[in-house]
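Here is the structure we will look at.
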Amino acid sequence: MEVCSLPPLLRYPTVDELGARAAALVARRPRDARLRRIGTSRAGTPLWLLSVGHGSRHVLVVAGPHANEPVGGATALRLAERALADPRLTEGADATWNLLLCVDPDGLRRNEGWLPGPYTLGHYFRNFFRPGFLEQPEWLPDGAAGAALPETRALLELQDELRPFLQCSLHGVDVGGGFVELTHDLPGLAQRVAHTAARLGIPRELGPYDTLYWPGLGPAVYRIPPPRRGDLAAAITEAAVESTWFHPHRHGTVTAVVEAPMWGVAAVEDGSPPADRDAVLRTVSNTLRHDTSALERILARLRPHLADAPDAARLLAPVDDYILVCPGLADAWDPDAGDRERPLPPLSTAHLAALRIAGRRLALRTAGLLHQLVTGPGRDPSGVLPELDRLVDAWCADYSDGCGARWIPVARQVEYQSRVVLATFELAARYAPACSRSGEPGWGSGAAVPMHRE
-16 MEVCSLPPLL RYPTVDELGA RAAALVARRP RDARLRRIGT SRAGTPLWLL
34 SVGHGSRHVL VVAGPHANEP VGGATALRLA ERALADPRLT EGADATWNLL
84 LCVDPDGLRR NEGWLPGPYT LGHYFRNFFR PGFLEQPEWL PDGAAGAALP
134 ETRALLELQD ELRPFLQCSL HGVDVGGGFV ELTHDLPGLA QRVAHTAARL
184 GIPRELGPYD TLYWPGLGPA VYRIPPPRRG DLAAAITEAA VESTWFHPHR
234 HGTVTAVVEA PMWGVAAVED GSPPADRDAV LRTVSNTLRH DTSALERILA
284 RLRPHLADAP DAARLLAPVD DYILVCPGLA DAWDPDAGDR ERPLPPLSTA
334 HLAALRIAGR RLALRTAGLL HQLVTGPGRD PSGVLPELDR LVDAWCADYS
384 DGCGARWIPV ARQVEYQSRV VLATFELAAR YAPACSRSGE PGWGSGAAVP
434 MHRE
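All letters in the sequence shown, in the order written, are residues -16 to 437 by this note's numbering.
Structure follows, in structure tokens:
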């Protein structure tokens, strides 16, 4: 059988490049692959689904659920190549691979200022975009019936159509390590992740801050708790809310959220007991409070000048979200805080490193979005740009010098995420019952409609 491969990706693909590369794969293997539009974004961008194989059991891979995490699109293309080259992944497993190339293409377009590189922390955060919580397509704050975003509705309909035995949501950690979150345990996955991470030099995150209270299923593998109703702050920081991760649970679907890091930090896989837990927690909490106060002062100076600024509302939504959650997080991590809703669990050095990174991440994302609010219009009547530049530079230096953050080449990120997905597929396939439905009406051997004619 012909091996179908494209030139390797040395940088992150844009929205248009994802579609073009998928169309090229289909043109070379029209009997085995198909490309169809399953919906349209709010800005009118097609949501492309690339399917490989003709099996009755379906895998759904969702790339790009967070706009600033582009590794998933490249991974989806790599998985399609693997499935086309290895019949054990399709005919041998009676499986069809369904790869949603990007569920938030509008958000990904807003990150194109940094996608081609250079891959420096300063360039990334100054061009970073991630929409506010209510505009992120995987979340269901009003339940599935109340899903407002067309991207979310398209994903929900696809899940109900395919009834996949496995769903993989592809995420990226900007600074830290790799880990996996599961709705069902897959025994043996932690060992597979450890082997892959060691082979590729990817640090495993042994204590991500958003899994702080979640059950562990093995090193760097965590059980996602069932969804619960909570306030916005809890939803943003813990993600244990109604989501498209749990929606296909009714079909027996196992969902795996596969996180791959962009800048790796060795300390996030240090499981040793910390020398002085409380001292580190006080520093992390007080630093987050201090940084949040500085950002609030800048926002107060900037906001009066944004009344007529184009697109200000889209950038302000995540800014307001981050500033909302920061004080609560600082209190939750502070060992001296009095009224604690939940006591902190036992913390390793890896947990403390992850908390330090998380606090800095929230501040840097906020500063980067504020930076764009100033530089987008091309003028700075509030005079905040020098202070923002100073903060971004200092906080990025803390990541690189204080935390030891080191860039992981795109090709290695993609290979790591691809191997973890394939391990998840192999383990989930052992327990999944055969499915009698194809889940894809109109499947055939004809050539795909050319992209430019859609």
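All C-beta atoms in this analysis are idealised placements derived from N, C-alpha and C, irrespective of residue type, glycine included.
Exercise for the section: Can you check the region 332 to 412 for any alpha helix (DSSP H) of at least 4 residues that lies completely inside it and give the ranges in chain order? Expected result: 332 to 358, 368 to 380
Exercise for the section: Report the three-state DSSP secondary structure of E279 (helix, strand or coil). Expected result: helix
Practice task
Consult DSSP for A295 and reduce its assignment to one of helix, strand or coil.
Solution key: helix
Practice task
Enumerate in chain order the residues of its own chain whose CB-to-CB distance from P433 is below 6 angstroms, with the five nearest sequence positions on each side excluded.
Solution key: With a pLDDT of 29 at P433, under the threshold of 50, the modelled position of that residue is not reliable, and no figure is offered here.
Handout entry: Presumed contact (8 angstroms Cβ cut-off) between A239 and V163, rounded CB distance
Key = A239 to V163, Cβ: 6 angstroms. Contact.
Practice task
Give me the Cα-Cα distance between S276 and T58, rounded to the nearest whole angstrom.
Solution key: 38 angstroms
Handout entry: Secondary structure of L18, DSSP reduced to three states
Key = strand
Exercise for the section: Can you have a look at L271 and say buried or exposed, based on whether 16 or more other CB atoms are within 10 angstroms of its CB? Expected result: buried
Exercise for the section: Determine, using beta carbons only, whether A337 and Y192 come nearer to each other than 8 angstroms. Expected result: A337 places its beta carbon less than 8 angstroms from that of Y192.
Practice task
Using DSSP bridges, identify the partner residues of Q150.
Solution key: L43, T238
Problem - From V(-2), L123, D317, residue whose alpha carbon lies closest to that of E225 - result: L123
Handout entry: Limits of the unbroken alpha helix (DSSP H) element including P88
Key = 88 to 92
Practice task
Report yes if the CB atom of S401 is closer than 8 angstroms to the CB atom of R187, and no otherwise.
Solution key: no
Exercise for the section: Count the other CB atoms, across all protein chains shown, that sit within 10 Å of the CB of L(-7); report buried if there are 16 or more and exposed otherwise. Expected result: exposed
Problem - Simplified DSSP assignment, three categories, for T28 - result: coil
Handout entry: Per-residue burial, H41 [other beta carbons within 10 Å of its own, 16 or more giving buried]
Key = buried
Handout entry: Where D157 falls: helix, strand or coil (DSSP)
Key = strand
Handout entry: Per-residue DSSP class, three states only, for F116
Key = helix
Handout entry: Straight-line Cα distance separating A295 from H37
Key = 46 angstroms
Problem - Residues near S421 by beta carbon distance below 8 angstroms, same chain, minus five either side - result: Caution applies to S421, whose pLDDT of 35 falls short of 50 and renders its modelled position unreliable; the value that the coordinates give is listed next. Correct list, in chain order: H37, S39, T79.
Exercise for the section: Please name the residue or residues paired with P244 in a DSSP beta bridge. Expected result: V156
Practice task
Please confirm whether A243 and G161 have their CB atoms less than 8 angstroms apart.
Solution key: yes
Practice task
For P(-4), name the three-state secondary structure that DSSP assigns.
Solution key: coil
Exercise for the section: Give me whichever residues DSSP pairs with L33 in a beta bridge. Expected result: L18, L82
Practice task
Report buried or exposed for S255, applying the criterion of at least 16 other Cβ atoms within 10 angstroms of its Cβ.
Solution key: exposed
Exercise for the section: Go through its chain and collect everything with a Cβ distance to A430's Cβ below 8 angstroms, but skip five positions before and after it. Expected result: Summary for A430: the model assigns pLDDT 31, below 50, so the residue's position carries little reliability; its value from the coordinates is reported in the next sentence. V9, A10, P13.
Exercise for the section: Determine the DSSP secondary structure at Y205, reduced to helix, strand or coil. Expected result: DSSP places Y205 in strand when its eight states are reduced to three.
Exercise for the section: Please determine if the region 325 to 342 and the region 195 to 208 are in contact, where contact requires at least 3 C-beta pairs separated by less than 8 angstroms. Expected result: Because the criterion of three Cβ pairs below 8 angstroms is met, the region 325 to 342 and the region 195 to 208 touch.
Practice task
Would you kindly check if the distance between the Cβ of V404 and the Cβ of L62 is under 8 angstroms?
Solution key: yes
Handout entry: P(-10) versus V397: straight-line alpha-carbon distance, rounded
Key = 14 angstroms
Handout entry: Rounded C-alpha distance that separates R211 from L307
Key = 20 angstroms
Handout entry: When P257, R343, L84 are compared against P29, the one with the closest alpha-carbon
Key = L84
Exercise for the section: State yes or no: is the C-beta of V260 within less than 8 angstroms of the C-beta of L353? Expected result: What sits at residue 260 in the sequence shown is Arg, not Val. No Cβ-Cβ contact shorter than 8 angstroms links R260 with L353.
Exercise for the section: Report the rounded CA-to-CA distance for P257 versus C386, giving the unit in angstroms. Expected result: 15 angstroms
Problem - Exposure label - E74; buried when at least 16 CB within 10 Å - result: exposed
Practice task
Can you have a look at S419 and say buried or exposed, based on whether 16 or more other CB atoms are within 10 angstroms of its CB?
Solution key: Annotation note: pLDDT 31 at S419 (below 50); position unreliable, coordinate value reported separately. S419 comes out exposed.
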